[in-house]
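Numbering (the working numbering), first residue to last: 4 to 232.
Positions of the beta carbon are idealized from the N, C-alpha and C atoms, including for glycine.
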Amino acid sequence: MRKIGIIGGMTSESTILYYRILNELATKKYGPKHSAKLLINSMDFGVISKLQTQGNWDQLNDIISEAAQDLEKAGASCILIGANTMHLCQPYAQQKVSIPIIHIASATAKAIINKGISKVGLLGTKYTMEKDFYESVLKENDIETIIPNEKDREIIHRVIYEELAFGELKESSKQQYLEIIQSLKANGAEGVILGCTEIPLLIQPSDVNIPLFNTTEIHARTGFEFSTK
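What follows is the structure in structure tokens.
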């Protein structure tokens with residue numbers, strides 16, 4: 004297995020998920036006592052969140068690019084940006100390194116295609132739901148995206164930044180998310196993308212009667228498969 008680089012800390016809760024999933028995959032492939040070869044470059048989410056709110060994506064591009072370059076120098080074979088929203092910086096950062104920065108939306112699109120689904124709902128931060136970096140990748144793969152209405156987008160975003168980012172899981176928020184998922188299904192969604200790496204902390208496949216695409220798991224698995232081929 005070659006080393007996988009992770010740009011983490013966005014948030015620490017999702018980085019923990021990446022770490023756990025990748026080590027579980029290594030144990031399953033290589034046997035007990037084996038673990039994944041990982042390099043984690045952890046960002047300060049307080050700084051990242053402030054720049055997001057300011058709309059300062061130029062500086063965010065620089066931060067993610069520098070983090071990617073550090074991981075490449077440290078020997079990573081590929082890089083995973085451990086946050087859906089921060090894939091807004093992936094195209095710029097990819098130009099600064101020679102190793103692949105695996106795009107979470109591209110990996111998710113492949114998983115959706117494998118399920119034979121062509122129309123999906125998308126949950127995530129307001130940046131993920133309202134900017135086209137996710138939807139455009141899905142469209143390239145002939146997948147139609149359904150976005151929640153404005154009120155529901157505000158609920159989803161607030162819960163992510165005020166609760167899930169701190170590992171806080173509220174039953175009331177879970178019920179709101181489940182209602183939004185049912186609304187997406189009623190509007191024709193055949194599956195739903197959990198397009199924020201913290202959402203799987205709150206919503207599990209057993210909670211709903213529609214396929215869920217856990218982008219954290221899909222992304223981690225794609226990175227693992229790349230590093231072990």
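> Based on the DSSP output, what are the partners of Asn64 in its beta bridges?
Replying inline: Beta-bridge partners assigned by DSSP to Asn64: none are found.
> Is it true that the segment 121–129 meets the segment 176–191, where meeting means three or more beta-carbon pairs spaced less than 8 Å apart?
Replying inline: At 8 Å Cβ cutoff, the stretches touch.
> Could you give the distance in angstroms between the alpha-carbon of His222 and the alpha-carbon of Lys177?
Replying inline: One C-alpha to the other measures close to 23 Å.
>> If contacts are defined as beta-carbon pairs under 8 Å, then Leu204 and Glu27 qualify, I think. What distance do you get, rounded to the angstrom?
In response: So it is not a contact: roughly 16 Å between Cβ atoms.
>> Measuring alpha carbon to alpha carbon, tell me which residue in Leu167, Leu20, Thr14 is nearest Ser45.
In response: Among Leu167, Leu20, Thr14, the Cα nearest to that of Ser45 belongs to Thr14.
> What is the DSSP secondary structure of Lys188, reduced to helix, strand or coil?
Replying inline: Looking at Lys188 - three-state DSSP - the assignment turns out to be helix.
> Is it buried or exposed for His160, if we count other Cβ within 10 angstroms and need 16 for buried?
Replying inline: The residue is buried, with at least 16 neighbouring Cβ atoms inside 10 Å.
> How long is the line joining the alpha carbons of Val211 and Ala112, rounded to whole angstroms?
Replying inline: Pairing Val211 with Ala112, the inter-Cα distance amounts to about 21 Å.
>> Quick check on DSSP: helix, strand or coil for Ile120?
In response: Coil.
>> Just to confirm the assignment, what range does the alpha helix (DSSP H) spanning Gly85 have?
In response: Segment: none, Gly85 is in no alpha helix (DSSP H) and carries neither H nor E.
> Helix or strand or just coil, what does DSSP make of Glu182?
Replying inline: Under the three-state reduction of DSSP output, Glu182 falls in the helix class.
> If you follow the beta strand (DSSP E) that Asn26 is part of, which residue opens it and which one closes it?
Replying inline: Boundaries for Asn26: no beta strand (DSSP E) harbours it, while the alpha helix (DSSP H) harbouring it runs 15–33, taken from the DSSP string.
> If you drop the 5 nearest sequence neighbours on each side, which residues of the same chain put their C-beta closer than 6 Å to that of Leu63?
Replying inline: Excluding its 5 nearest sequence neighbours in each direction, Leu63 has C-beta neighbours in its own chain below 6 Å: Leu54, Cys92, listed in chain order.
> Can you tell me the Cα-Cα spacing of Tyr137 and Arg156, whole angstroms?
Replying inline: Each residue's Cα considered, the two are about 15 Å apart.
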